[in-house]
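Everything below concerns the one structure shown next.
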Amino acid sequence: MSWLISPNLALDELVAQRRAAGESIVHLGFGESRLPVFPGLVERLVAGADRNAYGPVAGDAAVRSAVAGYFARRGLPTDPEHVVVAPGSKALLLALQAAIPGDVLVPEPCWVTYAPQARLAGKRVFGVPIPAECGGVPDPDRLRETIRQARQQGYDPRLVVLTSPDNPTGTHAPPDVVKTLAMIAEEEDLILLSDEIYRDLVHDPAATPILSPAELARSRTVVITGLSKSLALGGWRIGAARFPDTAWGAQLRADVTGYASESWSTLAGPMQEVATYAFGEPPELLERLARDRGLHRAVARAMYDIVIHGGAECRPPTGGFYVYPDFEPLRETLAGKSVVGGESLQRHLLENCGVAVLAGVHFGDDARALRFRAATSMLYGATRAEQQAALDAPDPLAVGHVRAALDAVEAGFAELAGLSPCHPPPRSPALTGTPH
Numbered sequence: 001m002s003w004l005i006s007p008n009l010a011l012d013e014l015v016a017q018r019r020a021a022g023e024s025i026v027h028l029g030f031g032e033s034r035l036p037v038f039p040g041l042v043e044r045l046v047a048g049a050d051r052n053a054y055g056p057v058a059g060d061a062a063v064r065s066a067v068a069g070y071f072a073r074r075g076l077p078t079d080p081e082h083v084v085v086a087p088g089s090k091a092l093l094l095a096l097q098a099a100i101p102g103d104v105l106v107p108e109p110c111w112v113t114y115a116p117q118a119r120l121a122g123k124r125v126f127g128v129p130i131p132a133e134c135g136g137v138p139d140p141d142r143l144r145e146t147i148r149q150a151r152q153q154g155y156d157p158r159l160v161v162l163t164s165p166d167n168p169t170g171t172h173a174p175p176d177v178v179k180t181l182a183m184i185a186e187e188e189d190l191i192l193l194s195d196e197i198y199r200d201l202v203h204d205p206a207a208t209p210i211l212s213p214a215e216l217a218r219s220r221t222v223v224i225t226g227l228s229k230s231l232a233l234g235g236w237r238i239g240a241a242r243f244p245d246t247a248w249g250a251q252l253r254a255d256v257t258g259y260a261s262e263s264w265s266t267l268a269g270p271m272q273e274v275a276t277y278a279f280g281e282p283p284e285l286l287e288r289l290a291r292d293r294g295l296h297r298a299v300a301r302a303m304y305d306i307v308i309h310g311g312a313e314c315r316p317p318t319g320g321f322y323v324y325p326d327f328e329p330l331r332e333t334l335a336g337k338s339v340v341g342g343e344s345l346q347r348h349l350l351e352n353c354g355v356a357v358l359a360g361v362h363f364g365d366d367a368r369a370l371r372f373r374a375a376t377s378m379l380y381g382a383t384r385a386e387q388q389a390a391l392d393a394p395d396p397l398a399v400g401h402v403r404a405a406l407d408a409v410e411a412g413f414a415e416l417a418g419l420s421p422c423h424p425p426p427r428s429p430a431l432t433g434t435p436h
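Residue numbering for the sequence shown is 1 to 436, as defined by the UniProt record's numbering.
Here is the structure:
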């Protein structure tokens with residue numbers, strides 16, 4: 001079996017190449033939190049620089065205790081012995097796919113990596129459409145039917161992957177949906193893998209709190225988190241997993257730790273130093289996280305307004321930094337531009353308007369669907385100074401380079417709707433700089 005590079009990484013490389021050649025592109029195609037690293041995290045990285053021993057595979061006692069405290073503060077009492085840390089949540093997800101038997105159920109659409117990882121583990125993947133109100137979870141009624149049909153065909157669906165808030169839709173499941181899914185898991189003897197890496201980026205946590213399935217289906221839910229999104233540490237690769245406090249959970253943790261011992265060995269010592277500090281959630285870090293969350297909310301909401309004005313349908317974003325518009329209402333207009341599905345829509349925006357997005361088909365969506373993901377965090381700036389300016393501004397939408405990028409996107413979507421010709425954005429460091 002041959003494997004291609006993940007489509008989001010491939011698009012990011014393509015944009016970098018075209019920018020280096022002088023093209024002016026607004027990049028909305030890569031799910032990265034483009035913000036400066038909080039200074040306290042840098043200090044901990046430096047402090048841990050001499051930690052060059054391997055250490056325990058699951059992580060040392062200090063980092064596992066910090067992760068356990070993090071989960072406990074979110075309503076999930078956790079013993080450090082039920083925690084594993086790793087070089088990114090992606091590594092943990094792959095290890096879990098390898099360790100848990102049976103086939104896999106994923107929402108459609110979902111993050112680009114869930115299904116390929118399941119196939120790497122030799123599993124059959126069953127996509128289940130998401131409900132009308134949110135992404136990240138399979139529609140409960142469709143889930144029951146998919147399980148029934150899969151079993152009739154001789155397959156063994158056992159694992160359901162959930163994510164909240166969601167990539168690609170930027171929404172999160174309301175409590176009633178989570179409760180129904182937890183009930184189905186109990187009735188059908190399913191394992192839930194809850195990817196909560198965006199949990200701390202809910203735009204208004206007081207008004208729309210997160211309910212983890214681990215609060216309901218405690219004995220059959222594994223929770224994954226990490227620091228890539230909430231603290232803009234994607235390149236540092238720090239992830240963590242919480243396992244159920246049961247004999248089965250202990251065995252699964254042992255299996256994942258065994259997998260880790262033969263693959264990544266352990267999370268790098270300097271990163272364990274960083275993770276101990278970050279998962280401990282000191283006040284100064286929480287204050288920075290609140291500011292980040294405000295920036296994500298403001299720009300994601302501005303993008304939502306733009307796509308709605310441009311004629312698309314879209315779920316209002318509630319967490320993270322994504323919107324997932326559907327241009328189905330413009331299908332007839334777009335057909336005249338030879339745009340008939342997600343791939344051609346992605347290509348048209350890049351080639352004609354200088355706007356890079358990632359088509360819904362890469363997230364498991366219908367190839368004919370006129371949907372794509374726009375990652376709004378890419379608009380904060382190409383340099384650390386620009387990103388800091390966006391973060392510090394009372395109104396980030398009034399910051400020059402953010403406003404210019406939003407205006408360029410709005411022009412591109414207006415061209416889709418046939419409202420105006422598209423004029424690619426002018427060259428400037430904010431729009432043409434090489435991604436960091």
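Glycine included, each C-beta is placed from N, C-alpha and C at the ideal position.
Could you give the residue range of the alpha helix (DSSP H) that holds residue i?
i	result
L370	Where L370 is concerned, there is no enclosing alpha helix (DSSP H), given that its DSSP letter is neither H nor E.
E313	Taken as a continuous stretch (DSSP letters only), E313 belongs to no alpha helix (DSSP H), as it is neither H nor E.
R384	384-392
G234	Run containing G234: none; DSSP gives neither H nor E here.
G412	400-416
L216	It is not in any alpha helix (DSSP H) - L216 carries neither H nor E in the DSSP assignment.
D12	7-20
D51	The sequence given here places Arg at residue 51; Asp does not occur at that position. Where R51 is concerned, there is no enclosing alpha helix (DSSP H), given that its DSSP letter is neither H nor E.
R124	No alpha helix (DSSP H) contains R124, which DSSP labels as neither H nor E.
A182	175-188
W248	247-261
K90	89-99
I308	283-309
Q117	114-120
Y277	269-280
Just tell me which of the options has its CA closest to the CA of residue i.
i	options	result
I147	G136, T163, P165, R124	R124
N352	V409, P394, R371, I306	V409
S338	C314, I308, L370	L370
R158	G354, A98, G170	A98
G381	D365, G400, R368	G400
P7	A417, R384, Q346	Q346
I306	L350, E188, F413	F413
A121	D189, R293, A95, P36	A95
P107	M378, R144, T376, G59	R144
D12	Q387, Q388, A375	A375
I210	A411, L162, D392	L162
H27	E43, A10, L41, F38	A10
A173	L14, Y198, A68, P80	Y198
D141	G135, A150, P129	P129
L193	V137, L233, S230	V137
G418	Q117, D176, H309	H309
residue 458	L93, G127, L267, A367	Outside the shown range of the chain (1 to 436) lies residue 458, about which nothing can therefore be said.
V256	S33, A47, R34, S89	S89
Less than 6 Å between the CB of residue i and some heavy atom of the ligand NAD, yes or no?
i	result
M183	With respect to the ligand NAD, the structure shown offers nothing to examine, as it has no ligands at all.
Around the C-beta of residue i, are 16 or more other C-beta atoms found within 10 angstroms, so that it is buried, or is it exposed?
i	result
T432	Low per-residue confidence applies at T432: pLDDT is 34, beneath 50, and the placement is therefore not dependable enough to give any value.
Q17	exposed
P429	For P429, the predicted model reports a pLDDT of 38, less than 50, meaning its position is unreliable and no value from the coordinates is stated.
W248	exposed
N52	exposed
M303	buried
P213	buried
A91	buried
Q272	buried
I5	exposed
D292	buried
P168	buried
R19	buried
Q387	buried
E262	exposed
M183	exposed
L286	exposed
G320	buried
T246	exposed
R427	At R427 the pLDDT is 41, less than 50, meaning the model places this residue with poor confidence and gives no usable figure here.
R373	buried
Output the boundary residues of the beta strand (DSSP E) element that contains residue i.
i	result
A86	83-86
R73	First-last for R73: undefined, no H or E at that position.
A241	239-242
In the DSSP output, what is residue i paired with across the bridge?
i	result
E108	P129
S194	L162, V223
V202	G319
D141	None; D141 has no bridge partner.
D60	Answer is none; D60 lacks a bridge partner.
With 7 Å as the threshold, decide whether the Cβ of residue i is near any Cβ in chain B.
i	result
L397	Protein chains in the displayed structure number just one, and chain B is not present.
Which runs of the alpha helix (DSSP H) fall wholly inside the region 318-379 and span at least 4 residues, in chain order? Correct list: 331-335, 342-353.
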